[in-house]
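Undergrad: Line by line, the protein sequences give chains S and P. Residue numbering for the first sequence follows the numbering used here, beginning at 1 and increasing consecutively. Residue numbering for the second sequence follows the numbering used here, beginning at 1 and increasing consecutively. The C-beta atom is built at its ideal place from N, Cα and C for all residues, glycine as well.
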Amino acid sequence: MEFKKRLKIRLQTAIFYVVIGIILILANIVKHDEMMSTFGILFLVMGIARIVQYKRITKDEESIRRQEIIETDERNIALWTNARSQTFTVYIMLAAISIVVFYILKMYYIAKIIGLMLSAFILIYWICYYIISKRY
Amino acid sequence: MLVRVKDYRKGYKVTQDELANAVGVTRQTIISLENGRYNASLQLAHKLAKYFGVAIEDLFVFDEEE
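Here is the structure:
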């Protein structure tokens, strides 16, 4: 996909975040639910930050080209992929340790929830592996 | 693998920034390549070889013993 098109989609997503944020903040006024306003502020800040980022990137052709190089640079892509893969490994290890800890602390329900999440993650991993292996 | 990008770049009197712009990568990638910390993809190796007008094996000398 062309980079400028991708930037446009990014802007649309940011506007969507802002709208969701405003809706949640307004919903808090009606429903008095603090959780809603927290998520609302979160979405609003995230959306505004992305809009500011979009404005910064698209201020001239040179900065668009520079950003495109950064995002398509093969070393950067390798770093991001590697970081994601290591995050997954660390997450799996921490989840496995926490299951044991919660089990020892007799907090079986939490241990079970984490166990289920861990199983889901591993299942998703195998599905992704299968799909990606079909591509290459 | 012996990477001779730095030799060619200096021979052609090109800065890392100029080379990075010419082949569409960041300057950091060129630095990592020159230091031997990063192995270029076949696509990047081809672009670099084309830029310097040499063969890929002139830029990246594979050491069989490695």
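Starting from residue 11 of chain P, find everything on chain S with Cβ-Cβ shorter than 9 Å and list it in chain order.
TA: Taking the first residue of the second sequence as 1, we reach residue 11 of chain P at position 11. Residues of chain S passing the Cβ test: none, with the nearest at roughly 23 Å.
Undergrad: Distance cutoff 8 Å, beta carbons only. Does residue 15 of chain P sit that close to anything in chain S?
TA: Taking the second sequence and counting its residues from 1, the one referred to as residue 15 of chain P is at position 15. So no, residue 15 of chain P is outside the interface.
Undergrad: With 8 Å set as the bound, which would you pick, yes or no: does the beta-carbon of residue 74 of chain S sit closer than that to a beta-carbon of chain P?
TA: For this step, residue 74 of chain S is matched to residue 74 along the first sequence. Yes, because at least one Cβ of chain P sits closer than 8 Å to the Cβ of residue 74 of chain S.
Undergrad: Between the alpha carbons of residue 125 of chain S and residue 4 of chain P, how many angstroms are there, rounded?
TA: In the first sequence, counting from the first residue as 1, residue 125 of chain S sits at position 125. In the second sequence, counting from the first residue as 1, residue 4 of chain P sits at position 4. Each residue's alpha carbon lies about 39 Å from the other.
Undergrad: Have a look at residue 6 of chain P and residue 34 of chain P and give me their C-alpha separation to the nearest angstrom.
TA: Residue mapping note: residue 6 of chain P aligns to position 6 of the second sequence, counting from 1. Residue mapping note: residue 34 of chain P aligns to position 34 of the second sequence, counting from 1. Spanning the two alpha carbons is a distance of roughly 6 Å.
Undergrad: Mind checking whether residue 17 of chain S and residue 43 of chain S have CB atoms under 8 Å apart?
TA: The count along the first sequence starts at 1 and reaches residue 17 of chain S at position 17. The count along the first sequence starts at 1 and reaches residue 43 of chain S at position 43. Their beta carbons are under 8 Å apart, which means residue 17 of chain S touches residue 43 of chain S by this criterion.
Undergrad: Please identify, using Cβ separations under 9 Å, the residues of the region 14 to 42 of chain P that lie next to chain S, in order along the chain.
TA: Per Cβ criterion, the list reads 20, 21, 24, 25, 26, 28, 29, 32, 33, 38, 40 and 41.
Undergrad: If we define contact as Cβ-Cβ less than 8 Å, is residue 59 of chain P a contact residue for chain S?
TA: Taking the second sequence and counting its residues from 1, the one referred to as residue 59 of chain P is at position 59. Cβ-Cβ to chain S under 8 Å: no for residue 59 of chain P.
Undergrad: Provide the residue(s) that pair with residue 106 of chain P in DSSP beta bridges, ordered along the chain.
TA: The question about residue 106 of chain P has no answer here: the residues shown for chain P are numbered 1 through 66.
Undergrad: What whole-angstrom Cβ distance do residue 73 of chain S and residue 26 of chain P have, given they're in contact under 8 Å?
TA: Locating residue 73 of chain S in the first sequence gives position 73, counting from the first residue. Locating residue 26 of chain P in the second sequence gives position 26, counting from the first residue. Right, the Cβ-Cβ distance comes to about 5 Å (below 8 Å), so this counts as a contact.
Undergrad: So residue 68 of chain S and residue 3 of chain S are supposed to be a Cβ contact under 8 Å. How far apart are they, rounded?
TA: Mapped onto the first sequence, residue 68 of chain S falls at position 68. Mapped onto the first sequence, residue 3 of chain S falls at position 3. About 4 Å; that satisfies the 8 Å criterion.
Undergrad: On a CA-only basis, which of P:63, P:64 and P:19 is nearest residue 44 of chain P? Give me that one, please.
TA: For the purposes of this step, residue 44 of chain P is taken as the residue at position 44 of the second sequence. Of the candidates P:63, P:64 and P:19, the one whose C-alpha sits nearest the C-alpha of residue 44 of chain P is P:19.
Undergrad: Quick one, are the C-beta atoms of residue 116 of chain S and residue 96 of chain S less than 8 Å apart?
TA: Locating residue 116 of chain S in the first sequence gives position 116, where the first residue counts as 1. Locating residue 96 of chain S in the first sequence gives position 96, where the first residue counts as 1. No, they are not a contact pair.
Undergrad: At a CB-CB cut-off below 8 Å, which residues of chain S make contact with residue 44 of chain P?
TA: Position 44 of the second sequence, counted from the first residue, corresponds to residue 44 of chain P. The answer, in chain order, is 74.
Undergrad: Does DSSP put residue 10 of chain P in a helix, in a strand, or in coil?
TA: Position 10 of the second sequence holds residue 10 of chain P. Helix, per DSSP.
Undergrad: Which residues in chain P sit within 9 Å of residue 70 of chain S, going by Cβ to Cβ distance?
TA: Taking the first sequence and counting its residues from 1, the one referred to as residue 70 of chain S is at position 70. Simply 26.
Undergrad: With DSSP as the reference, label residue 60 of chain S as helix, strand or coil.
TA: For the purposes of this step, residue 60 of chain S is taken as residue 60 along the first sequence, with counting starting at 1. Coil.
Undergrad: For a test of the three-state rule: what should DSSP assign to residue 21 of chain P, helix, strand or coil?
TA: Position 21 of the second sequence, counted from the start, is the residue given in the question as residue 21 of chain P. If DSSP states are grouped into helix, strand and coil, residue 21 of chain P belongs with the helices.
Undergrad: Going along the chain, which residues of its own chain have a beta-carbon closer than 8 Å to the beta-carbon of residue 28 of chain S, five neighbours each way excluded?
TA: To locate residue 28 of chain S, count along the first sequence from 1; it is residue 28. Answer for residue 28 of chain S: 34, 36, 37 and 40, listed in chain order.
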